Structure formats: structure tokens, C-alpha cells
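Student:
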Amino acid sequence: MKRLLAILVGGIFVLSLVGLKFYPDLLWFQSFGYEDAWWFIVKSKVAVFSSAFLVAFLWFRFQFFLVNRFSNQDSSQDIQFNTPFPWLNQILDQFKQSATESQLAQLPTKMYHLFLTVGMLVVSFFFGSIAKSWWHDVMAYSHQVGTSVVDPIFGQNLSFYFFSLPFLTKLQGWFMALAVLSLFFVAYLYLSKNILLIIFSSRSSNTKIKPHILVLAAICVAIYSLGVWLDLYQLLVTSRSAVYGVGFTDAVILIPVLKILAVMGGVFAVLLLLWAFGMSFRLPLYMAGLIILTGVLGRNILPGVIQNYVVSPNEIAKEMPYLKHNIEFTRKAFQLDQIQEEDFPVNYNLESSDIDKNEITVRNIRLWNQEPLKQTFSQLQEIRLYYEFANVDVDRYMVNGAYQQVMLSPREMNISKLTQQAQTWVNRHLVYTHGYGLCMAPVNEISSEGLPILYMKDLPTQSNIDLQIKRPEIYFGERTIDYVVANTEQKEFDYPKGETNVYTQYQGHGGIQLDSLWKRLIFALKFSDMKLLLSGFINEDSRLIYDRHILQIVKQLMPELYYDQDPYLVASDDGRLFWMLDAYTLSDSYPYAEAYQESKGGKKNYIRNSVKVTIDAYQGDTNFYVMGDSDPIILTYAKMYPGLFKSFDDMPTDLQQHIRYPKDLFEVQSEMFATYHMTDPLVFYNREDLWATPQETYEDSEGPMKPYYMVTKLPGDTEEAFIMMLPFTPTNKNNMISWMSVKCDPDSYGQMKVFKFPKDKVIYGPRQIESRIDQDTDISQKLTLWGQSGSRVIRGNLMVVPIEESIIYVEPIYLQATQSKFPELKRVIFSYEDAVVMNPTLHEGISEIFSGYEQGAYAGTDIPDVPKTTGSGTSLDEMVDELLVTFQRFKDTMKNLSWSKMGDELSELDQLVGQIKTIKNQ
Numbered sequence: 013m014k015r016l017l018a019i020l021v022g023g024i025f026v027l028s029l030v031g032l033k034f035y036p037d038l039l040w041f042q043s044f045g046y047e048d049a050w051w052f053i054v055k056s057k058v059a060v061f062s063s064a065f066l067v068a069f070l071w072f073r074f075q076f077f078l079v080n081r082f083s084n085q086d087s088s089q090d091i092q093f094n095t096p097f098p099w100l101n102q103i104l105d106q107f108k109q110s111a112t113e114s115q116l117a118q119l120p121t122k123m124y125h126l127f128l129t130v131g132m133l134v135v136s137f138f139f140g141s142i143a144k145s146w147w148h149d150v151m152a153y154s155h156q157v158g159t160s161v162v163d164p165i166f167g168q169n170l171s172f173y174f175f176s177l178p179f180l181t182k183l184q185g186w187f188m189a190l191a192v193l194s195l196f197f198v199a200y201l202y203l204s205k206n207i208l209l210i211i212f213s214s215r216s217s218n219t220k221i222k223p224h225i226l227v228l229a230a231i232c233v234a235i236y237s238l239g240v241w242l243d244l245y246q247l248l249v250t251s252r253s254a255v256y257g258v259g260f261t262d263a264v265i266l267i268p269v270l271k272i273l274a275v276m277g278g279v280f281a282v283l284l285l286l287w288a289f290g291m292s293f294r295l296p297l298y299m300a301g302l303i304i305l306t307g308v309l310g311r312n313i314l315p316g317v318i319q320n321y322v323v324s325p326n327e328i329a330k331e332m333p334y335l336k337h338n339i340e341f342t343r344k345a346f347q348l349d350q351i352q353e354e355d356f357p358v359n360y361n362l363e364s365s366d367i368d369k370n371e372i373t374v375r376n377i378r379l380w381n382q383e384p385l386k387q388t389f390s391q392l393q394e395i396r397l398y399y400e401f402a403n404v405d406v407d408r409y410m411v412n413g414a415y416q417q418v419m420l421s422p423r424e425m426n427i428s429k430l431t432q433q434a435q436t437w438v439n440r441h442l443v444y445t446h447g448y449g450l451c452m453a454p455v456n457e458i459s460s461e462g463l464p465i466l467y468m469k470d471l472p473t474q475s476n477i478d479l480q481i482k483r484p485e486i487y488f489g490e491r492t493i494d495y496v497v498a499n500t501e502q503k504e505f506d507y508p509k510g511e512t513n514v515y516t517q518y519q520g521h522g523g524i525q526l527d528s529l530w531k532r533l534i535f536a537l538k539f540s541d542m543k544l545l546l547s548g549f550i551n552e553d554s555r556l557i558y559d560r561h562i563l564q565i566v567k568q569l570m571p572e573l574y575y576d577q578d579p580y581l582v583a584s585d586d587g588r589l590f591w592m593l594d595a596y597t598l599s600d601s602y603p604y605a606e607a608y609q610e611s612k613g614g615k616k617n618y619i620r621n622s623v624k625v626t627i628d629a630y631q632g633d634t635n636f637y638v639m640g641d642s643d644p645i646i647l648t649y650a651k652m653y654p655g656l657f658k659s660f661d662d663m664p665t666d667l668q669q670h671i672r673y674p675k676d677l678f679e680v681q682s683e684m685f686a687t688y689h690m691t692d693p694l695v696f697y698n699r700e701d702l703w704a705t706p707q708e709t710y711e712d713s714e715g716p717m718k719p720y721y722m723v724t725k726l727p728g729d730t731e732e733a734f735i736m737m738l739p740f741t742p743t744n745k746n747n748m749i750s751w752m753s754v755k756c757d758p759d760s761y762g763q764m765k766v767f768k769f770p771k772d773k774v775i776y777g778p779r780q781i782e783s784r785i786d787q788d789t790d791i792s793q794k795l796t797l798w799g800q801s802g803s804r805v806i807r808g809n810l811m812v813v814p815i816e817e818s819i820i821y822v823e824p825i826y827l828q829a830t831q832s833k834f835p836e837l838k839r840v841i842f843s844y845e846d847a848v849v850m851n852p853t854l855h856e857g858i859s860e861i862f863s864g865y866e867q868g869a870y871a872g873t874d875i876p877d878v879p880k881t882t883g884s885g886t887s888l889d890e891m892v893d894e895l896l897v898t899f900q901r902f903k904d905t906m907k908n909l910s911w912s913k914m915g916d917e918l919s920e921l922d923q924l925v926g927q928i929k930t931i932k933n934q
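In our numbering, the protein residues as written are 13 to 934.
1. Provide the residue(s) that pair with residue 9 in DSSP beta bridges, ordered along the chain.
2. If I'm right that residue 595 touches residue 573 with Cβ under 8 Å, what's the distance once you round it to whole angstroms?
3. Consult DSSP for residue 851 and reduce its assignment to one of helix, strand or coil.
4. Grab the span of the alpha helix (DSSP H) containing residue 74 for me, first residue to last.
5. Per DSSP, what kind of secondary structure is residue 436 in: helix, strand or coil?
6. Would you call the stretch 546-565 in contact with the stretch 492-511, where contact means no fewer than 3 C-beta pairs closer than 8 Å?
7. Touch check for the stretch 142-157 and the stretch 645-664: three-plus C-beta pairs under 8 Å?
8. With a cut-off of 8 Å on the beta carbons, I'd call residue 244 and residue 271 a contact; round off their distance for me.
9. Just to check my reading of the structure: residue 302 and residue 276 have Cβ atoms closer than 8 Å, yes? What is that Cβ distance to the nearest angstrom?
10. With 16 other CB atoms within 10 Å as the buried threshold, where does residue 923 fall?
11. Who are the Cβ neighbours of residue 736 in its own chain at under 6 Å, not counting the five residues just before and after it?
12. So, under 8 Å CB-CB, residue 191 and residue 60 are touching, yes? Tell me the CB distance rounded to an integer number of Å.
13. May I ask which residues mark the beginning and end of the alpha helix (DSSP H) holding residue 340?
14. Kindly identify the DSSP beta-bridge partner or partners of residue 703.
15. Tell me which residue opens and which closes the alpha helix (DSSP H) that residue 271 is part of.
16. Spatial neighbours of residue 330 within its chain, please: C-beta separation below 6 Å, excluding the five flanking residues on both sides.
17. Do the stretch 850-863 and the stretch 473-486 touch if we need at least three Cβ pairs shorter than 8 Å?
18. Note down, in chain order, each residue of its chain lying with its Cβ closer than 8 Å to the Cβ of residue 761, except the 5 sequence neighbours on either side.
19. Assign residue 149 to one of three DSSP states: helix, strand, or coil.
20. Find the nearest neighbour of residue 334 within the set 397, 317, 262 and 392, judged by alpha-carbon distance.
21. If I'm right that residue 418 touches residue 775 with Cβ under 8 Å, what's the distance once you round it to whole angstroms?
22. Going by the CB atoms, is the gap between residue 700 and residue 806 shorter than 7 Å?
23. Looking at the secondary structure, which residues open and close the alpha helix (DSSP H) in which residue 384 lies?
24. Tell me which residues share the same chain as residue 493 and place their Cβ nearer than 7 Å to its Cβ, disregarding the 5 neighbours each side in the sequence.
25. Among 767, 432 and 781, which residue has its Cα nearest to the Cα of residue 843?
26. Identify the continuous alpha helix (DSSP H) that holds residue 316 and give its terminal residues.
27. Taking only three categories from DSSP, how would you classify residue 237?
28. Quick check for students: name the residue ranges of the beta strand (DSSP E) that lie wholly in the stretch 760-793, counting only runs of 3 or more.
29. According to DSSP, is residue 698 helix, strand or coil?
30. Return the chain-ordered ranges of every alpha helix (DSSP H) run that is complete within the stretch 527-602 and spans a minimum of 4 residues.
31. With DSSP as the reference, label residue 482 as helix, strand or coil.
32. Report the three-state DSSP secondary structure of residue 366 (helix, strand or coil).
33. Quick check on DSSP: helix, strand or coil for residue 657?
34. To the nearest angstrom, how far is it from the Cα of residue 355 to the Cα of residue 523?
35. Among residues of its own chain, excluding the 5 on either side of residue 764, which ones have a beta-carbon nearer than 6 Å to its beta-carbon?
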């Protein structure tokens, strides 16, 4: 009875531990609407683990059964070793003596069987765990979707390399380990019974121990032979010569050798079986020697000889057909084959009328760089110490009827910035639960003080444009690390207002409703925080929101995808905030495709941006939208997880307008295109036309130019589009040779073009423009003078802007006090053809070079002429309250003689006065 009770208690304890681990995860998946995905993952892991565990255990148990049956038929007491070698007979006698005296041999029968059963269970658990770790490969293999692309050597479908080959390789390794371990297991059991050595005695022909051992050895050889056959296909995703994939030596020597070795391995396995049942050992012995000789010569020596003495002296002729495969499949793997190439004549014949015709392009030339603008946002708009602008993103909106590129940043709650006294459990988890609103500015408008003109700002959110934010709270973001409990008896901090605060309660359905004591107990144990159970502020309507970081959410919901590290915030037409995130499918198994170095250290040779993810910043609702139907990986995942993925057409139209082509993907494609734009094998082999990313100066250092978004009208188009572009230079040269662009708008998304410059003209590259700026005495003197007067000069990113058939260059110059992080945009450098000028605004620079250019249409310094409104009806009184609070803060700072802070607060006072004037004039 006591034993039964102990077992019952132990079972309940184990089930509780399992429930503590799995039940919260189930509730979390349910809160996002993906319960089916969670069950699929759990069932798949259980099925794979159980199958592998049972196969391994039953196999070991079967071998144990055979050992017991065969050992009962033989006795070792009268073994006399009769090998031709006296020294071997002596060694075998010593083994016999050691086995007789072993501890395992001395165990009672029941104890002996129990010990081995436990051992088999442990080892089988280990095999089951290994198989469970690649459950995803099993499911992808069983759900794979084929393609029309086949490799040119073996004729295998692309999906074979993505799904079948990885699974079969792991399966072969698993069975190989199982077979080898079982061989040693059986040999050890026979040894422990002191009868293994009977196979070396005069009685070897009458025992079944020898066939048992040899059958297991034959199984090991057969499985190894299957591995050799699979090695054939691995040749297509490795490189050993000038070709990535199968080259001349592989095709002529290595592939035939591997096929021969695989067949020889199968023959050797059959010979071992024949030896097990009476045939002489000589044939298997000869075959083993032949296999070793073939392997050494065919896999190690002969390929090197052929490569060095046949291929290398005439490499281009020998490798030509294989180079063609390499080029073709690499271009397909990275979608370089879909890039259109056009000539760009570069005629420096721009006139002021051409600038006027491209007014939308000029209006959208980005003068603000992310880092300086982030610092400026932080100084002007963080407002309280616990707010933070994590990063600044680029997007485009219809602003008062005009297509406008903007930069925006969400104002998130960083709870770690609270003072130490305020770091209470209630504050961290019940009060300071969310960020609030965003800051938005056009990319090239500046005030007379060199500060950005803000379209959206302040708390509550004020909007100077025809887009209003009606749900500004950010519960899910990039700084949302801690769990929070919303909709409790304790009201949540919403935003500061003068000397007081405005509070709110969560009204959404995000998170997990804590409607039972059981749930509160489970999560109290999960977070090791009993306050979740004991707090009187939490009621049945309260909602626990955890794991709410954007990247954490998507990685848990769909771990098979790779995610861009730069989520960006989008304001929908109905005033809600959404995060948008790009997701990729990657592989290192695309045949004949050269790999690129991934940021995490691995190598991949296939990439697709097949999924766009949206996350409601208030509710947490997460949706995965599939773009296109040509990616076999995402089609396989969609088959694995029915209902998880949606068609891109199902994305709300207003959100579709804000999709962007991801920088990570564009950088990979541009890196590969720099080499693989050469489609002629001879030119490719000699690297005659190798391109490179140009160098530019940012701040005081030089580095590779990064792709950038811009609004422009591409050659041949009739209207402007939101694109990403990047120039190219020849390798080890500084002049520009071409530029690559890709469209981001939904109706033309992903259309890539490369515009090539004439090779008989020298087109200035970014580094050459930087050098011309440094060599301009007037500009360089001013920059040096500013840098010596207690300020720091920051040279922003150089923008290469195509207009009509010409190229212009724009570089912003920021000035920042050495004691503060408050950069101001003070000058803009503008270059066209041989002219380089520096002026307070871009339009002044254009006017200096293009006489007759009118700035009246758009001067870049005026606030849009629309009524000033706020997200929740900010009044003049509230603005005055904020002014008084800021003025009091300035007086306190003045008492402490903190000069840098005084300067910051004076700027804030100046801005508040300007805002009040604007409101009064409405």
C-alpha cells in the first residue's frame, strides 16, 4: 500500500511539473489564436520521440533476447583456442579470464536483467531525444511541396535538397549509431557471459553467436553504404574548385567513385551474411581490403591528382559547363535572374525646369539620418525619464494629399529607467505597463534652429497632418521585456499631464485572462513570483501579458522562419498602431548556388522574403501573410500549419501601403549581384567585371555604403515610387559604375532593376565626392572651424539621387555640442557634375547651381498649412501647464549650475512657446 501511495504521489508530482511547463505555453498560444500550431508542435515532438524511443528499445530488447537464447546453447567452460597464432591464443585466454571475473557476470539473474533493462531504457531515451530534436525535419519531409526546378546532375527536385536530403542524412546517421551501438552491446553481453570468444575456438562452426555478430556487422555496413550514396548529393552544395557545386573532378572521378563504393558496400554486406552462414571468410576479407583501397585512392588521392595535373592547367575549358550551372543556379537562388538591367546614359543637362518636374523627388531627399534624429527625438520628445525611442524607421504616407517620405519612432516604456525608489512590483507590473504614441517627421524639413519639423509629437499625441492616432498605447514593442498585468484594480499610467498623470485601464483582449486561482498559481510558479497569487489588485478580469517583445512573439509562434531585426511601426488609417516585420525562409542546400555569410556566422545559399508579419501594438494580434507562391519552403510550412498563414491579399489595404523591401535581403542580393551580374563563364572565371559596394564617410570614419530608401521616379516610369537603392563601383576603384533599385509599393513590390553607367565616362562615386568636399577650401575650413569651437561636426550619409538622366549628391551636416547629444542639422552639401556647394538648406544649394530654380513651391522649412489637432483634444491650457512645468525644471537646473541641461531645457521651452503661438494663431 505504501509503495502504491508513493508511486501515486510521484506520478502526481511529475504530472504537475509537466503541466507547469506546458499549460502556460498553451494559454500563451491561445491568447494569440494559434492553439492549433502549439498542438501540432507538441504532437509532432511526442510522435517522433515515441517512435524513435520504441524502435530503439525494441531493437535493443530483441538483441538481448537473441543473446540469451544463443548463449543458453553454448558453454564457455571447455573453450580451447585454436588460431594459427600462439600469441593470439594467449590474449584470448586472458580475455576469457577477465570476463569470468567481471562484476556483471557475478550478478544474480534478476538483478542482471533489471540492470540491462534500465540501461536499455536510458539509451533508448537518449535516441528518442536525438530524434525529437529534428522533429521539424520529419514534418517538413512528410509535408514537402515540390517545384519545377531540378538539378542538372542528378535530376532531383529542389525540394529533395531542402527537405528529403537533410531528413535522410539525419535518419541514416541515427540508424548507423543504433546499429553500431547494438553491435557493441551484443558483443559486450556475450563477453560478460564468457562465450564471445567461442567464435575463435574449434566450436565456432557450431554456434549461433558468430552469425548474430556478423548479421549486425552486415547491417552496419549496409547503412554506411546508404550514407555514401547520400554523399553524392552533398557534392552539389559544397565547393572544392573554381566551381561551387559539382566540378569537372567531381563529375569525372568523385561521383563514379562514390557510386562504386556504395555498391561495393552493399556487396560486402551480402558477403558478411554469407560468411555468417557457412561461407569462407576470405571473400569478405578481400572485399574489405578492396573497399579501403578504393576509398583511399578514389576519394583522397585520385581527385587531387586529376585536379592538379588535368584540370588546373586547363581549368576554364574543363570547368566551363559546370561554371554555367554555378552561375545559373546562384542567380535563381537569390532571385538575381529576375533583375532587369538597363543603361543609364548620364547626361549632365539638368535645368531648373527638370528639378521642378521632379519636385516630389526633391521634396523627399532624406536629410535626417537615423542616429542624429533619434538623439534629437530623445532630447525633444522623451519628456519623461522612463520613455525611450529605441530606433527610427523610414516609411511613407499620404500627407495632406501628397506622397511623403517620413521618419518615425515609437515612444516606448523602458521600466529600467525608473528611479530605484520607484522600482516596486506594483509599478513594474501593474502601473507602468505600456508606451505611448510616436514621433514623426518628414525626411528633409528643418526649422530655423536646425531641428526637425514634427508631424506627430507630444503627450497626448498631437498631429499636424490629416492622420490621427486614436489608439496610441503600446503594450507590445521592442522594449516590452517584463510581464504586466492589465485591467486590474490599480489603474495604469497613461501619460504625464503637467504636474499630474493621466491614468487608464486596458480595454483589449491581449494576454491571458486570470479568471481562476489555478491560473494565478500556475503563473506565480512560472515567474517565481508569489505576488501574482497574493496581490489584491488582480481580479478575474485582469489580463496577464508576457513574452510581448515583437521578435520574441514571432519566434515562439513560428520558429522555423528567420526574422529581420528591424521591426517598424505603422499608423493605420483608423488610428491604430501596428508593428510590421519581415520574415525569411533560408536554406544552405540549394544545389550549385554559392553561399553568403549570414550575420550569425552560418552560411546560406537560398533566401526568400515570403512572409510579412503584422502585430497590433495594443491587442497583440499577430498575422503572417504569405507573398507569392513560388517558394517551396513557405508552401511546405503552410501545409504543415494549416490556418496559420494568410494570403497577402487578406492584409488590410491601409497596411499593405506600408510594406517595405527589407534591407537585409537587399544587402544579400546586392552582395551576390556584385559578382553574379557576370553571366559569361569566361568573364566570371577571370573576375573581369567585379563590382563592390562604395565607401562613404559617416561622422569621422569611413565604411561601406548602406542601402537607403527614397522616393523617386525611375527612368521610364511616369510617377514616383518608394524604392531602395545602392550604387556600385568597380572593385578597387572609386568611380560609380551602376546602381541597383527595388520597388517597395504593393502594386510593383520586388521589381528590381540595375542601371549601368557608360564605361567610357567617369561618374563620381561616393568616396570621390567625399574627397571633393574635403578638397573644397571654403567647405573644409568651415567644418574645421566648427569642430574647434566646442562643437562636434557630424557628416551624415551621402545620398546618390538619380534625376532624369543625371545624378546629384546630397550630404547633410550636423552640429552637436561636445557636452550634449542634441545634433542640429546646420548645413546641406549639394553636388552636381563638377560643382560642390554648402548651404543652410537643400533648396538654397539647388538654387545656387541651377539659376532660375524657384523655392516657393517647397522651401523645406515650413510647417504644412493644416489645422493643428491632437489625438485627444489638447487645449491651450494644457500646453501652458506643460510650459510652466518645464520652466520650473529649468529653474531647478539653473540652481545646480548644470549648463548642458539648461541648454536642453531652453530648447524645450523655445519649442513649447512656438507651439503655443501656433495654437493661438489658429
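Glycine residues also receive a C-beta, built at the ideal position from the N, C-alpha and C atoms. Predicted model, so just to flag it, every value in this text is computed and none were measured.
Tutor: Straight from the coordinates:
1. With the chain covering only 13 through 934, there is no way to say anything about residue 9.
2. Sure, about 4 Å apart at Cβ, within 8 Å.
3. It is a strand residue.
4. That run of the alpha helix (DSSP H) goes 47-83.
5. Residue 436 falls in the coil class under three-state DSSP.
6. When Cβ pairs closer than 8 Å are counted between the two stretches, the stretch 546-565 is seen to touch the stretch 492-511, the count reaching three or more.
7. Result yes; three or more Cβ-Cβ pairs closer than 8 Å.
8. About 7 Å; that satisfies the 8 Å criterion.
9. With a beta-carbon spacing of about 7 Å, residue 302 and residue 276 fall inside the 8 Å limit used to define contacts.
10. Result: buried.
11. Residues 673, 678, 719, 721 and 754 of the same chain have their beta carbon placed closer than 6 Å to that of residue 736, with the five preceding and five following residues left out of the count.
12. Cβ-Cβ separation between residue 191 and residue 60: approximately 19 Å, too far for a contact (criterion under 8 Å).
13. That run of the alpha helix (DSSP H) goes 327-345.
14. Paired residues: 742.
15. Run containing residue 271: 267-288, per the alpha helix (DSSP H) assignment.
16. A distance below 6 Å between beta-carbons, with the five flanking residues on each side excluded, links residue 330 to the following residues of its chain, in chain order: 260 and 323.
17. Judged by Cβ distances under 8 Å, the stretch 850-863 makes no contact with the stretch 473-486, as fewer than three pairs qualify.
18. Spatial neighbours of residue 761 in its own chain (CB-CB distance under 8 Å, excluding positions within 5 residues in sequence) are listed in chain order as 639, 671, 673 and 755.
19. For residue 149, the secondary structure class from DSSP, reduced to helix, strand or coil, is helix.
20. Of the candidates 397, 317, 262 and 392, the one whose C-alpha sits nearest the C-alpha of residue 334 is 262.
21. The Cβ separation is near 30 Å, so there is no contact.
22. Taking 7 Å as the cut-off, the Cβ atoms of residue 806 and residue 700 do not count as close.
23. Looking at the DSSP string, the run of the alpha helix (DSSP H) that includes residue 384 is 382-393.
24. Within the same chain, residue 493 has close Cβ partners 561.
25. When each option's Cα is compared against that of residue 843, the closest is 781.
26. 314-318 is the span of the alpha helix (DSSP H), which, as asked, contains residue 316.
27. Residue 237 falls in the helix class under three-state DSSP.
28. Those beta strand (DSSP E) runs which fall completely within the stretch 760-793 and span 3+ residues are 764-768.
29. For residue 698, the three-state secondary structure derived from DSSP is helix.
30. DSSP runs (the alpha helix (DSSP H)) wholly in the stretch 527-602: 529-538, 543-546 and 562-569.
31. Residue 482 falls in the coil class under three-state DSSP.
32. Reduced to three states, the DSSP call for residue 366 is helix.
33. Correct three-state label for residue 657: strand.
34. Cα to Cα, the separation comes out at about 54 Å.
35. Same-chain partners within the cutoff: 351 and 754.
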